[in-house]
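*Asks:* Using numbering that gives the first Met the number 0, the first residue of the sequence shown is number 0, and each one after it goes up by one.
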Amino acid sequence: MTVLFLVERGGALRGRGGVASGDESSAPRAYEEVSRVRHRVGGNHEVERELGAHPCICHAVRRTSPTGGQRFGSLRVMFLPLKNAPRDYAWGAPGSISQLLGTTGACTLDDADWDGVPQAELWLGAHPGAPSRIVDPELAGGATTLDAWIAQEPVATLGRYAMGLREGDGPGLPYLLKVLSAAAPLSLQVHPTLADARRGFDRENSSGIPLSAPERNYKDPLHKPEMLLALSETMDALAGFRDFGEVAAVVGDFAQRADADQEQPGAGRAALADFSARVRSLATGEDLRELVTWLLEGGEAVDELVAAVSRVALAGDEAGDQAERFARERGIIATLARMYAGDPGIALALLLNHITIRRGEAIFLPAGNMHAYVRGLGIEIMAASDNVLRGGLTPKHIDIPELLARLDFAPVPPPYIAATRIQDGVEEYRPEIPDFRLVRVVPSPVDTVKTIHLDGPTMLLCLEGEARLEGAKTTASISAGESVFVTPDELPVRVIGSVDLFAAGPGLDRRDTVPMRHAD
(Lines of atoms letter the chains of each structure in order from A and count residues from 1; the text may use other names and numbers.)
(Lines give C-alpha, C1' and ligand atoms only; values in the text may rest on other atoms or scores of the structure.)
Protein backbone atom coordinates (compact mmCIF):
# COMPACT_ATOMS: atom_id res chain seq x y z
CA MET A 1 0.00 0.00 0.00
CA THR A 2 1.54 3.28 -1.13
CA VAL A 3 1.13 6.31 1.11
CA LEU A 4 1.64 9.90 0.07
CA PHE A 5 1.52 12.77 2.56
CA LEU A 6 1.48 16.36 1.41
CA VAL A 7 1.14 19.01 4.11
CA GLU A 8 1.46 22.73 3.48
CA ARG A 9 2.87 24.43 6.58
CA GLY A 10 3.49 28.14 6.59
CA GLY A 11 3.52 28.25 2.80
CA ALA A 12 6.06 25.47 2.30
CA LEU A 13 4.74 22.22 0.89
CA ARG A 14 6.21 19.20 2.65
CA GLY A 15 5.71 15.66 1.50
CA ARG A 16 6.70 12.15 2.43
CA GLY A 17 6.09 8.91 0.65
CA GLY A 18 6.68 5.34 1.67
CA VAL A 19 5.17 1.99 2.41
CA ALA A 20 2.59 1.92 5.17
CA SER A 21 2.59 -0.89 7.68
CA GLY A 22 -0.73 0.00 9.23
CA ASP A 23 0.93 2.24 11.80
CA GLU A 24 -0.12 5.79 11.12
CA SER A 25 1.94 7.27 13.95
CA SER A 26 4.48 8.49 11.40
CA ALA A 27 1.96 10.88 9.88
CA PRO A 28 3.19 14.50 9.81
CA ARG A 29 1.76 16.83 12.42
CA ALA A 30 -0.27 19.89 11.54
CA TYR A 31 -0.15 22.69 14.12
CA GLU A 32 -1.82 26.07 14.35
CA GLU A 33 0.18 27.49 11.47
CA VAL A 34 -1.19 24.89 9.06
CA SER A 35 -3.52 26.61 6.65
CA ARG A 36 -4.21 23.99 4.03
CA VAL A 37 -3.87 20.29 3.31
CA ARG A 38 -3.54 18.94 -0.20
CA HIS A 39 -3.75 15.39 -1.29
CA ARG A 40 -2.97 14.35 -4.82
CA VAL A 41 -5.29 12.04 -6.66
CA GLY A 42 -3.46 9.70 -9.02
CA GLY A 43 -0.72 12.29 -9.39
CA ASN A 44 -2.78 14.19 -11.96
CA HIS A 45 -4.67 16.77 -9.92
CA GLU A 46 -5.06 18.03 -6.40
CA VAL A 47 -7.87 18.41 -3.93
CA GLU A 48 -7.40 21.32 -1.56
CA ARG A 49 -9.31 22.18 1.57
CA GLU A 50 -8.96 24.93 4.10
CA LEU A 51 -8.52 23.97 7.74
CA GLY A 52 -9.76 27.32 9.01
CA ALA A 53 -9.38 28.01 12.71
CA HIS A 54 -9.36 24.40 13.87
CA PRO A 55 -5.76 23.12 13.97
CA CYS A 56 -5.80 19.34 14.07
CA ILE A 57 -3.61 16.55 12.89
CA CYS A 58 -4.42 15.75 9.30
CA HIS A 59 -3.19 13.32 6.72
CA ALA A 60 -4.25 12.27 3.27
CA VAL A 61 -3.72 8.68 2.25
CA ARG A 62 -3.62 7.16 -1.20
CA ARG A 63 -4.18 3.44 -0.93
CA THR A 64 -3.45 1.21 -3.90
CA SER A 65 -5.36 -2.05 -3.84
CA PRO A 66 -3.91 -5.34 -5.17
CA THR A 67 -6.15 -4.97 -8.20
CA GLY A 68 -4.70 -1.62 -9.05
CA GLY A 69 -7.71 0.40 -7.91
CA GLN A 70 -7.43 3.22 -5.35
CA ARG A 71 -9.44 4.35 -2.37
CA PHE A 72 -8.84 7.45 -0.32
CA GLY A 73 -8.85 7.62 3.48
CA SER A 74 -10.49 10.47 5.31
CA LEU A 75 -8.72 13.35 6.97
CA ARG A 76 -8.02 12.39 10.57
CA VAL A 77 -8.18 14.72 13.54
CA MET A 78 -7.25 14.30 17.19
CA PHE A 79 -8.75 17.53 18.55
CA LEU A 80 -12.21 17.84 17.00
CA PRO A 81 -14.24 21.06 17.54
CA LEU A 82 -17.91 20.45 18.34
CA LYS A 83 -21.12 22.45 18.61
CA ASN A 84 -24.75 21.89 19.50
CA ALA A 85 -28.02 23.73 19.98
CA PRO A 86 -29.58 24.03 23.46
CA ARG A 87 -32.56 21.87 24.38
CA ASP A 88 -35.63 24.07 24.81
CA TYR A 89 -37.35 22.32 27.73
CA ALA A 90 -39.94 24.54 29.41
CA TRP A 91 -38.00 24.81 32.69
CA GLY A 92 -34.94 26.36 31.01
CA ALA A 93 -33.85 29.99 31.32
CA PRO A 94 -34.08 32.02 28.08
CA GLY A 95 -30.68 33.17 26.85
CA SER A 96 -28.74 31.68 29.76
CA ILE A 97 -26.51 29.16 27.99
CA SER A 98 -25.73 31.40 25.03
CA GLN A 99 -24.84 34.18 27.50
CA LEU A 100 -22.39 31.81 29.19
CA LEU A 101 -20.80 30.37 26.04
CA GLY A 102 -21.60 32.81 23.25
CA THR A 103 -23.04 31.57 19.96
CA THR A 104 -19.98 30.84 17.83
CA GLY A 105 -18.51 27.84 19.62
CA ALA A 106 -20.00 24.95 21.58
CA CYS A 107 -23.40 26.64 21.69
CA THR A 108 -24.93 27.46 18.34
CA LEU A 109 -28.37 28.92 17.83
CA ASP A 110 -28.41 28.17 14.09
CA ASP A 111 -30.94 30.30 12.25
CA ALA A 112 -33.81 29.77 14.68
CA ASP A 113 -35.40 32.64 16.57
CA TRP A 114 -34.35 32.01 20.19
CA ASP A 115 -35.73 35.26 21.56
CA GLY A 116 -37.54 34.30 24.77
CA VAL A 117 -37.11 30.57 24.10
CA PRO A 118 -35.93 28.51 27.12
CA GLN A 119 -32.35 27.24 27.00
CA ALA A 120 -32.41 24.28 29.39
CA GLU A 121 -29.52 21.99 28.49
CA LEU A 122 -26.59 21.91 26.09
CA TRP A 123 -25.52 18.33 25.42
CA LEU A 124 -21.85 17.60 24.77
CA GLY A 125 -21.47 13.98 23.79
CA ALA A 126 -22.66 11.20 21.52
CA HIS A 127 -26.07 10.41 23.00
CA PRO A 128 -28.46 9.80 20.07
CA GLY A 129 -31.04 12.12 21.66
CA ALA A 130 -28.94 15.18 20.77
CA PRO A 131 -25.40 14.25 19.68
CA SER A 132 -22.80 16.98 19.38
CA ARG A 133 -22.40 18.25 15.85
CA ILE A 134 -19.01 18.33 14.19
CA VAL A 135 -18.00 21.85 13.16
CA ASP A 136 -16.14 20.62 10.07
CA PRO A 137 -17.42 17.18 8.97
CA GLU A 138 -14.59 16.79 6.44
CA LEU A 139 -12.19 16.45 9.36
CA ALA A 140 -14.13 13.36 10.48
CA GLY A 141 -14.53 11.52 7.22
CA GLY A 142 -17.79 13.25 6.42
CA ALA A 143 -19.49 12.41 9.73
CA THR A 144 -21.70 15.29 10.83
CA THR A 145 -22.26 14.20 14.44
CA LEU A 146 -20.02 12.71 17.11
CA ASP A 147 -22.04 9.50 17.40
CA ALA A 148 -21.75 8.98 13.65
CA TRP A 149 -17.98 9.47 13.75
CA ILE A 150 -17.67 7.02 16.64
CA ALA A 151 -19.69 4.44 14.69
CA GLN A 152 -17.51 5.07 11.65
CA GLU A 153 -14.15 4.89 13.46
CA PRO A 154 -14.65 3.31 16.90
CA VAL A 155 -10.99 2.46 17.51
CA ALA A 156 -9.69 5.89 16.52
CA THR A 157 -12.31 7.74 18.57
CA LEU A 158 -12.62 5.49 21.63
CA GLY A 159 -9.30 3.65 21.85
CA ARG A 160 -9.56 0.73 24.25
CA TYR A 161 -13.22 1.61 24.89
CA ALA A 162 -14.11 0.61 21.31
CA MET A 163 -15.68 -2.63 22.59
CA GLY A 164 -17.70 -0.71 25.18
CA LEU A 165 -17.24 0.18 28.83
CA ARG A 166 -18.88 -3.10 29.80
CA GLU A 167 -19.18 -6.42 28.02
CA GLY A 168 -21.95 -6.31 25.44
CA ASP A 169 -22.22 -2.51 25.39
CA GLY A 170 -20.64 -2.00 21.99
CA PRO A 171 -18.81 1.19 20.98
CA GLY A 172 -20.09 4.37 22.55
CA LEU A 173 -19.12 7.30 24.72
CA PRO A 174 -19.87 6.15 28.29
CA TYR A 175 -20.76 9.61 29.60
CA LEU A 176 -22.71 12.72 28.64
CA LEU A 177 -21.58 16.22 29.61
CA LYS A 178 -24.18 18.98 29.86
CA VAL A 179 -24.57 22.64 30.65
CA LEU A 180 -27.82 22.85 32.63
CA SER A 181 -29.81 26.03 33.26
CA ALA A 182 -32.99 25.81 35.34
CA ALA A 183 -35.30 28.78 35.75
CA ALA A 184 -38.04 26.50 37.10
CA PRO A 185 -37.99 23.17 38.97
CA LEU A 186 -37.36 19.92 37.16
CA SER A 187 -39.48 16.87 37.97
CA LEU A 188 -38.94 14.75 41.07
CA GLN A 189 -37.11 11.77 39.66
CA VAL A 190 -34.99 8.72 40.32
CA HIS A 191 -32.68 6.65 38.13
CA PRO A 192 -32.34 2.84 38.14
CA THR A 193 -29.33 0.68 38.92
CA LEU A 194 -27.56 -0.93 35.98
CA ALA A 195 -29.11 -4.33 36.70
CA ASP A 196 -32.62 -2.87 37.03
CA ALA A 197 -32.19 -0.87 33.84
CA ARG A 198 -31.17 -3.95 31.88
CA ARG A 199 -34.10 -5.98 33.18
CA GLY A 200 -36.57 -3.12 32.66
CA PHE A 201 -35.35 -2.45 29.14
CA ASP A 202 -35.64 -6.12 28.15
CA ARG A 203 -39.07 -6.40 29.79
CA GLU A 204 -40.49 -3.39 27.96
CA ASN A 205 -38.99 -4.56 24.68
CA SER A 206 -40.61 -7.96 25.15
CA SER A 207 -43.92 -6.23 25.85
CA GLY A 208 -43.66 -4.35 22.57
CA ILE A 209 -43.68 -0.86 24.10
CA PRO A 210 -42.20 1.54 21.53
CA LEU A 211 -39.13 3.48 22.64
CA SER A 212 -40.98 6.70 21.87
CA ALA A 213 -44.09 5.77 23.88
CA PRO A 214 -44.82 8.23 26.73
CA GLU A 215 -45.42 5.33 29.13
CA ARG A 216 -41.99 3.86 28.41
CA ASN A 217 -39.77 3.84 31.52
CA TYR A 218 -36.54 2.40 30.12
CA LYS A 219 -35.15 3.92 26.92
CA ASP A 220 -31.87 1.99 27.15
CA PRO A 221 -30.25 -0.76 29.28
CA LEU A 222 -28.03 1.65 31.23
CA HIS A 223 -27.99 3.29 34.62
CA LYS A 224 -27.76 7.05 35.03
CA PRO A 225 -25.74 8.20 38.02
CA GLU A 226 -25.05 11.91 37.71
CA MET A 227 -23.01 14.74 39.18
CA LEU A 228 -23.77 18.47 39.15
CA LEU A 229 -21.35 21.35 39.74
CA ALA A 230 -22.74 24.85 40.32
CA LEU A 231 -21.68 27.69 38.02
CA SER A 232 -24.18 30.25 39.28
CA GLU A 233 -23.67 31.81 42.70
CA THR A 234 -26.01 29.17 44.11
CA MET A 235 -28.12 26.29 42.85
CA ASP A 236 -31.09 24.95 44.79
CA ALA A 237 -31.92 21.26 44.71
CA LEU A 238 -33.79 18.47 46.43
CA ALA A 239 -31.64 15.38 46.84
CA GLY A 240 -32.23 12.19 48.82
CA PHE A 241 -34.49 11.44 51.78
CA ARG A 242 -33.70 13.54 54.83
CA ASP A 243 -32.89 12.38 58.33
CA PHE A 244 -36.17 11.47 60.05
CA GLY A 245 -35.56 13.85 62.95
CA GLU A 246 -34.92 16.75 60.60
CA VAL A 247 -38.04 15.92 58.58
CA ALA A 248 -40.10 15.93 61.79
CA ALA A 249 -38.72 19.38 62.67
CA VAL A 250 -39.50 20.84 59.23
CA VAL A 251 -43.02 19.41 59.05
CA GLY A 252 -43.65 20.42 62.68
CA ASP A 253 -42.71 23.99 61.80
CA PHE A 254 -45.18 23.96 58.89
CA ALA A 255 -47.90 22.57 61.19
CA GLN A 256 -47.29 25.29 63.81
CA ARG A 257 -47.46 28.00 61.16
CA ALA A 258 -50.72 26.55 59.86
CA ASP A 259 -52.19 26.62 63.38
CA ALA A 260 -51.18 30.26 63.77
CA ASP A 261 -52.77 31.23 60.46
CA GLN A 262 -56.37 32.20 61.19
CA GLU A 263 -57.20 32.07 57.50
CA GLN A 264 -55.90 28.52 57.08
CA PRO A 265 -58.93 26.24 56.60
CA GLY A 266 -59.57 23.83 59.44
CA ALA A 267 -59.17 20.88 57.10
CA GLY A 268 -55.71 22.14 56.17
CA ARG A 269 -54.62 22.51 59.79
CA ALA A 270 -55.88 19.00 60.51
CA ALA A 271 -54.09 17.59 57.46
CA LEU A 272 -50.76 19.09 58.49
CA ALA A 273 -51.19 17.95 62.10
CA ASP A 274 -51.87 14.41 60.90
CA PHE A 275 -48.89 14.52 58.53
CA SER A 276 -46.67 15.79 61.34
CA ALA A 277 -47.74 12.85 63.51
CA ARG A 278 -47.03 10.41 60.67
CA VAL A 279 -43.57 11.85 60.20
CA ARG A 280 -42.74 11.70 63.91
CA SER A 281 -43.54 7.98 63.88
CA LEU A 282 -41.04 7.20 61.10
CA ALA A 283 -38.48 4.66 62.26
CA THR A 284 -37.54 2.52 59.25
CA GLY A 285 -37.25 2.66 55.49
CA GLU A 286 -40.42 0.59 55.26
CA ASP A 287 -42.28 3.24 57.27
CA LEU A 288 -41.06 5.84 54.79
CA ARG A 289 -42.09 3.67 51.85
CA GLU A 290 -45.66 3.50 53.20
CA LEU A 291 -45.78 7.28 53.66
CA VAL A 292 -44.42 7.98 50.17
CA THR A 293 -46.87 5.49 48.65
CA TRP A 294 -49.76 7.25 50.41
CA LEU A 295 -48.64 10.61 49.03
CA LEU A 296 -48.15 9.39 45.46
CA GLU A 297 -51.48 7.58 45.31
CA GLY A 298 -53.24 10.82 46.24
CA GLY A 299 -56.81 11.30 47.36
CA GLU A 300 -58.79 13.89 49.28
CA ALA A 301 -56.58 13.79 52.38
CA VAL A 302 -53.45 14.28 50.29
CA ASP A 303 -55.10 17.14 48.41
CA GLU A 304 -55.90 18.88 51.71
CA LEU A 305 -52.31 18.38 52.87
CA VAL A 306 -50.80 19.76 49.66
CA ALA A 307 -53.06 22.83 49.82
CA ALA A 308 -52.10 23.49 53.46
CA VAL A 309 -48.36 23.03 52.82
CA SER A 310 -48.56 25.35 49.82
CA ARG A 311 -50.42 28.02 51.79
CA VAL A 312 -47.82 28.04 54.58
CA ALA A 313 -44.92 28.23 52.14
CA LEU A 314 -46.43 30.96 49.99
CA ALA A 315 -47.36 33.08 53.02
CA GLY A 316 -43.85 32.84 54.44
CA ASP A 317 -42.24 33.53 51.08
CA GLU A 318 -44.35 36.64 50.52
CA ALA A 319 -43.51 37.90 54.02
CA GLY A 320 -39.81 37.69 53.17
CA ASP A 321 -38.86 35.92 56.41
CA GLN A 322 -35.60 34.57 54.99
CA ALA A 323 -33.75 34.89 58.29
CA GLU A 324 -36.14 32.58 60.11
CA ARG A 325 -35.70 28.85 60.61
CA PHE A 326 -36.50 26.69 57.57
CA ALA A 327 -36.79 29.76 55.33
CA ARG A 328 -34.97 27.87 52.56
CA GLU A 329 -37.46 25.02 52.75
CA ARG A 330 -40.42 27.38 52.63
CA GLY A 331 -38.89 29.22 49.68
CA ILE A 332 -38.37 26.03 47.67
CA ILE A 333 -41.85 24.70 48.50
CA ALA A 334 -43.32 28.07 47.49
CA THR A 335 -41.57 27.79 44.13
CA LEU A 336 -43.00 24.30 43.62
CA ALA A 337 -46.49 25.47 44.66
CA ARG A 338 -46.47 28.27 42.11
CA MET A 339 -45.37 25.98 39.29
CA TYR A 340 -47.26 22.78 40.14
CA ALA A 341 -50.30 23.73 42.21
CA GLY A 342 -51.96 20.69 43.78
CA ASP A 343 -49.17 18.25 42.89
CA PRO A 344 -48.46 15.63 45.62
CA GLY A 345 -44.77 16.23 44.95
CA ILE A 346 -45.10 19.48 46.91
CA ALA A 347 -45.70 17.54 50.14
CA LEU A 348 -43.26 14.80 49.14
CA ALA A 349 -40.54 17.43 48.82
CA LEU A 350 -40.74 18.01 52.60
CA LEU A 351 -39.23 14.54 53.07
CA LEU A 352 -36.11 15.36 51.04
CA ASN A 353 -32.87 17.21 51.71
CA HIS A 354 -33.18 20.85 50.65
CA ILE A 355 -29.70 21.90 49.64
CA THR A 356 -27.95 24.97 48.32
CA ILE A 357 -24.98 24.22 46.08
CA ARG A 358 -22.61 27.17 46.01
CA ARG A 359 -20.50 28.09 43.01
CA GLY A 360 -17.78 25.46 42.56
CA GLU A 361 -19.47 22.90 44.82
CA ALA A 362 -20.79 19.63 43.44
CA ILE A 363 -23.24 16.87 44.36
CA PHE A 364 -23.31 13.25 43.23
CA LEU A 365 -26.60 11.41 42.79
CA PRO A 366 -26.41 7.60 42.64
CA ALA A 367 -29.14 5.20 41.57
CA GLY A 368 -32.24 5.29 43.76
CA ASN A 369 -31.75 8.88 44.94
CA MET A 370 -34.94 10.93 44.51
CA HIS A 371 -33.99 14.43 43.43
CA ALA A 372 -34.99 17.56 41.56
CA TYR A 373 -33.00 20.61 40.53
CA VAL A 374 -34.97 23.72 41.43
CA ARG A 375 -33.03 26.59 39.86
CA GLY A 376 -29.55 27.63 38.83
CA LEU A 377 -26.80 27.15 36.25
CA GLY A 378 -24.34 24.29 36.36
CA ILE A 379 -22.23 21.65 34.67
CA GLU A 380 -23.76 18.18 34.76
CA ILE A 381 -22.11 14.89 33.87
CA MET A 382 -23.80 11.50 33.85
CA ALA A 383 -23.69 8.04 32.41
CA ALA A 384 -24.94 8.18 28.82
CA SER A 385 -28.50 7.08 29.58
CA ASP A 386 -31.98 8.54 29.26
CA ASN A 387 -33.69 6.42 31.93
CA VAL A 388 -35.83 8.58 34.22
CA LEU A 389 -38.55 7.42 36.62
CA ARG A 390 -40.61 10.43 37.66
CA GLY A 391 -42.39 10.91 40.97
CA GLY A 392 -44.06 14.29 40.73
CA LEU A 393 -43.84 17.93 39.64
CA THR A 394 -44.43 16.96 36.03
CA PRO A 395 -47.25 16.42 33.53
CA LYS A 396 -45.31 13.44 32.18
CA HIS A 397 -45.90 9.74 32.84
CA ILE A 398 -45.52 8.52 36.44
CA ASP A 399 -45.30 4.78 37.07
CA ILE A 400 -45.83 4.59 40.84
CA PRO A 401 -45.10 0.85 41.32
CA GLU A 402 -41.90 1.03 39.25
CA LEU A 403 -40.79 4.19 41.00
CA LEU A 404 -41.33 2.67 44.45
CA ALA A 405 -39.40 -0.44 43.40
CA ARG A 406 -36.36 1.64 42.42
CA LEU A 407 -36.33 4.21 45.23
CA ASP A 408 -33.72 4.03 47.96
CA PHE A 409 -35.64 4.86 51.16
CA ALA A 410 -32.59 5.12 53.40
CA PRO A 411 -32.09 8.67 54.72
CA VAL A 412 -28.84 10.24 53.50
CA PRO A 413 -26.97 13.46 54.22
CA PRO A 414 -26.78 16.11 51.49
CA PRO A 415 -24.74 14.33 48.77
CA TYR A 416 -21.89 16.79 48.32
CA ILE A 417 -18.75 15.45 46.65
CA ALA A 418 -15.41 17.14 47.28
CA ALA A 419 -12.80 17.84 44.64
CA THR A 420 -9.32 16.36 44.84
CA ARG A 421 -6.41 18.67 44.05
CA ILE A 422 -4.34 17.05 41.30
CA GLN A 423 -1.87 19.90 40.88
CA ASP A 424 -1.94 23.67 41.28
CA GLY A 425 -4.99 24.84 39.37
CA VAL A 426 -6.31 21.35 38.55
CA GLU A 427 -9.19 19.75 40.49
CA GLU A 428 -10.81 16.37 39.96
CA TYR A 429 -14.34 15.27 40.89
CA ARG A 430 -14.36 11.50 40.87
CA PRO A 431 -17.27 9.46 42.23
CA GLU A 432 -16.62 5.75 42.63
CA ILE A 433 -18.15 4.71 39.31
CA PRO A 434 -16.49 3.72 36.02
CA ASP A 435 -18.68 5.80 33.70
CA PHE A 436 -17.25 9.28 34.26
CA ARG A 437 -15.14 11.75 36.13
CA LEU A 438 -14.70 15.49 35.76
CA VAL A 439 -11.52 17.56 35.83
CA ARG A 440 -11.54 21.33 36.17
CA VAL A 441 -8.66 23.58 35.20
CA VAL A 442 -9.09 26.91 36.99
CA PRO A 443 -7.71 30.29 35.87
CA SER A 444 -4.28 31.33 37.11
CA PRO A 445 -2.67 34.78 37.41
CA VAL A 446 -0.07 33.87 34.79
CA ASP A 447 0.00 31.36 31.97
CA THR A 448 1.02 28.04 33.45
CA VAL A 449 1.23 24.47 32.24
CA LYS A 450 -1.40 22.12 33.63
CA THR A 451 -1.80 18.49 32.65
CA ILE A 452 -5.06 16.60 32.19
CA HIS A 453 -4.62 12.90 32.93
CA LEU A 454 -7.72 11.00 31.83
CA ASP A 455 -8.24 7.58 30.31
CA GLY A 456 -10.08 7.24 27.03
CA PRO A 457 -12.18 9.64 24.95
CA THR A 458 -12.23 13.10 26.49
CA MET A 459 -14.54 16.10 26.13
CA LEU A 460 -13.27 19.62 26.79
CA LEU A 461 -15.39 22.71 27.43
CA CYS A 462 -13.80 26.13 27.96
CA LEU A 463 -15.75 28.76 29.88
CA GLU A 464 -13.14 31.49 30.16
CA GLY A 465 -9.76 32.48 28.69
CA GLU A 466 -7.76 30.74 26.00
CA ALA A 467 -5.04 28.14 25.98
CA ARG A 468 -2.82 26.01 23.82
CA LEU A 469 -3.50 22.28 24.01
CA GLU A 470 -0.52 19.98 23.61
CA GLY A 471 -1.43 16.37 23.10
CA ALA A 472 0.82 13.35 22.76
CA LYS A 473 0.89 13.83 18.98
CA THR A 474 -0.49 17.22 18.02
CA THR A 475 -1.40 20.63 19.31
CA ALA A 476 -4.52 22.78 19.10
CA SER A 477 -6.02 25.80 20.80
CA ILE A 478 -9.21 26.41 22.72
CA SER A 479 -10.90 29.59 23.92
CA ALA A 480 -13.96 30.67 25.86
CA GLY A 481 -17.18 29.08 24.64
CA GLU A 482 -15.53 26.28 22.66
CA SER A 483 -15.84 22.52 23.02
CA VAL A 484 -13.34 19.99 21.70
CA PHE A 485 -13.41 16.19 21.55
CA VAL A 486 -10.01 14.60 22.21
CA THR A 487 -9.18 11.11 20.97
CA PRO A 488 -7.48 8.77 23.47
CA ASP A 489 -4.10 8.69 21.71
CA GLU A 490 -3.61 12.38 22.48
CA LEU A 491 -3.65 11.88 26.25
CA PRO A 492 -2.33 13.28 28.49
CA VAL A 493 -3.07 16.83 27.35
CA ARG A 494 -1.01 19.81 28.52
CA VAL A 495 -2.98 23.03 28.89
CA ILE A 496 -0.86 26.15 28.47
CA GLY A 497 -2.66 29.36 29.37
CA SER A 498 -5.09 30.78 31.90
CA VAL A 499 -8.51 29.17 31.40
CA ASP A 500 -11.57 27.93 33.21
CA LEU A 501 -11.91 24.58 31.49
CA PHE A 502 -13.73 21.33 32.16
CA ALA A 503 -12.52 17.95 30.95
CA ALA A 504 -14.80 14.91 31.06
CA GLY A 505 -13.69 11.33 30.61
CA PRO A 506 -14.38 7.76 31.77
CA GLY A 507 -13.94 7.05 35.46
CA LEU A 508 -11.35 4.31 34.98
CA ASP A 509 -7.56 4.32 35.00
CA ARG A 510 -5.33 2.66 32.44
CA ARG A 511 -4.68 -0.23 34.81
CA ASP A 512 -8.40 -1.11 34.83
CA THR A 513 -9.69 -3.76 32.44
CA VAL A 514 -12.02 -2.71 29.62
CA PRO A 515 -14.60 -3.89 28.78
CA MET A 516 -15.70 -4.59 32.34
CA ARG A 517 -17.77 -7.60 33.28
CA HIS A 518 -21.33 -7.02 34.44
CA ALA A 519 -21.65 -7.63 38.17
CA ASP A 520 -24.77 -9.72 37.65
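Heads up, the beta-carbon is just placed ideally off N, CA and C, and yes, glycines get one too.
(1) Rounded to the nearest angstrom, what separates Val-513 and Arg-197 at their Cα positions?
(2) Measuring CA to CA, which of Met-77, Tyr-88 and Ala-105 is closest to Ala-479?
(3) So, with DSSP's three-state summary, where would you put Phe-200?
(4) Mind checking Ala-409: buried by the 16 CB within 10 Å criterion, or exposed?
(5) Contact between the segment 344-362 and the segment 282-298: three or more CB pairs below 8 Å?
(6) Below 8 Å CB to CB, which residues in the same chain sit around Gly-68 once its five sequence neighbours on both sides are set aside?
(7) Could you name each continuous alpha helix (DSSP H) segment of 4 residues or more that falls completely within the segment 391-452, going from the start of the chain to the end?
(8) What's the gap between the Cα of Thr-457 and the Cα of Lys-82?
(9) If we call anything under 7 Å between Cβ atoms a contact, is Lys-218 one with Leu-210?
(10) Would you kindly report the start and end of the unbroken beta strand (DSSP E) that includes Pro-80?
(11) What number of angstroms, rounded off, separates the C-alpha of Asp-302 from the C-alpha of Ala-266?
(12) Thinking C-alpha only, which one of Leu-176, Met-77, Gly-115 and Val-116 is nearest Ala-502?
(13) Please classify Asp-110 as buried or exposed, where buried requires at least 16 neighbouring CB atoms within 10 angstroms.
(14) Please name the residue or residues paired with His-353 in a DSSP beta bridge.
(15) Is the beta carbon of Ile-495 sitting closer than 7 Å to the one on Val-448?
(16) Taking Thr-102 as the reference, give the member of Arg-337, Asp-508, Leu-462 and Asp-511 with the closest Cα.
(17) Is it the case that the Cβ atoms of Arg-329 and Ala-307 are separated by a distance below 7 Å?
(18) Can you tell me whether DSSP reads Leu-490 as helix, strand or coil?
(19) Check the DSSP bridge columns for Gly-496 and list the partner residues they point to.
(20) Only counting the same chain, and skipping five residues up and downstream in sequence, which positions put a Cβ closer than 6 Å to that of Arg-256?
(21) Have a look at Pro-170, Glu-379 and Pro-136 and flag the residue whose alpha-carbon is nearest the alpha-carbon of Ala-181.
(22) Under 7 Å between the Cβ atoms of Val-485 and Phe-78?
(23) Taking the DSSP output, what are the residues bridged to Ala-371?
(24) Pro-444: buried (16+ other C-beta within 10 angstroms of its C-beta) or exposed?
(25) Leu-117 and Gly-91 look like a contact to me (Cβ under 8 Å); what is the Cβ gap, rounded to whole Å?
(26) For the segment 118-201, list the alpha helix (DSSP H) runs that are entirely contained and at least 4 residues long, ordered along the chain.
(27) In angstroms, rounded to a whole number, what distance separates the CA positions of Pro-184 and Thr-334?
(28) Please name the residue in Leu-349, Phe-363 and Ala-282 whose C-alpha comes closest to that of Asp-434.
(29) Alpha carbon to alpha carbon, how far is Met-234 from Arg-420?
(30) Quick test of your reading: Glu-489 and Gly-506, contact by CB under 8 Å. State the CB separation rounded to the nearest angstrom.
(31) Please state if the CB of Pro-487 and the CB of Gly-158 are separated by a distance shorter than 7 Å.
(32) Measuring only the C-alpha atoms, how far is Leu-221 from Ser-384?
(33) In angstroms with no decimal places, state the Cα-to-Cα distance between Glu-214 and Val-387.
*Replies:* Quick answer:
(1) Rounded to the nearest whole angstrom, the C-alpha separation of Val-513 and Arg-197 is 19 Å.
(2) The residue among Met-77, Tyr-88 and Ala-105 with its C-alpha nearest the C-alpha of Ala-479 is Ala-105.
(3) It is helical.
(4) Counting of Cβ neighbours within 10 angstroms places Ala-409 among the exposed residues, the total staying below 16.
(5) Segments in contact, yes.
(6) The pLDDT assigned to Gly-68 is 26, lower than 50, so where the model puts this residue is not dependable, and the model offers no usable value.
(7) You should have 399-405.
(8) Rounded to the nearest angstrom, the two C-alpha atoms are 15 Å apart.
(9) Yes, they are a contact pair.
(10) Note, Pro-80: beta strand (DSSP E), 78-82.
(11) CA-to-CA, the gap between Asp-302 and Ala-266 works out to about 10 Å.
(12) Cα-wise, what sits closest to Ala-502 is Leu-176.
(13) Flag for Asp-110 reads exposed.
(14) The partner list for His-353 (beta bridge, DSSP) reads Leu-237.
(15) Ile-495 places its beta carbon less than 7 Å from that of Val-448.
(16) That would be Leu-462, whose Cα lies nearest to the Cα of Thr-102.
(17) It is not a contact, given that the beta carbons lie outside the stated cut-off.
(18) Leu-490: coil per DSSP, three-state reduction.
(19) For Gly-496, the pairing in a beta bridge is given by DSSP as Ala-466.
(20) Around Arg-256, the same chain offers Val-311 as residues with beta carbons nearer than 6 Å, after the five sequence neighbours per side are excluded.
(21) If we check each option's Cα against that of Ala-181, Glu-379 comes out closest.
(22) Cβ atoms of Val-485 and Phe-78: closer than 7 Å.
(23) DSSP, once it has assigned bridges, lists Leu-237 as partnering Ala-371.
(24) So Pro-444 counts as exposed.
(25) Reading off the sequence shown, one finds Pro at residue 117, where the question assumed Leu. Taking C-beta atoms under 8 Å as the contact rule, Pro-117 and Gly-91 qualify, at a distance of about 3 Å.
(26) Fully enclosed alpha helix (DSSP H) runs of 4 or longer: 145-151 and 153-157.
(27) Take the alpha-carbon of Pro-184 and the one of Thr-334: they are about 8 Å apart.
(28) Looking at the Cα atoms, Phe-363 is the closest of the given residues.
(29) A straight line joining the alpha-carbon of Met-234 with that of Arg-420 spans about 23 Å.
(30) Rounded, the Cβ-Cβ distance is 19 Å, inconsistent with contact.
(31) At a Cβ-Cβ threshold of 7 Å, Gly-158 and Pro-487 count as neighbours.
(32) Answer to the nearest angstrom: the Cα atoms are 6 Å apart.
(33) If I take the Cα positions, the gap works out to 11 Å.
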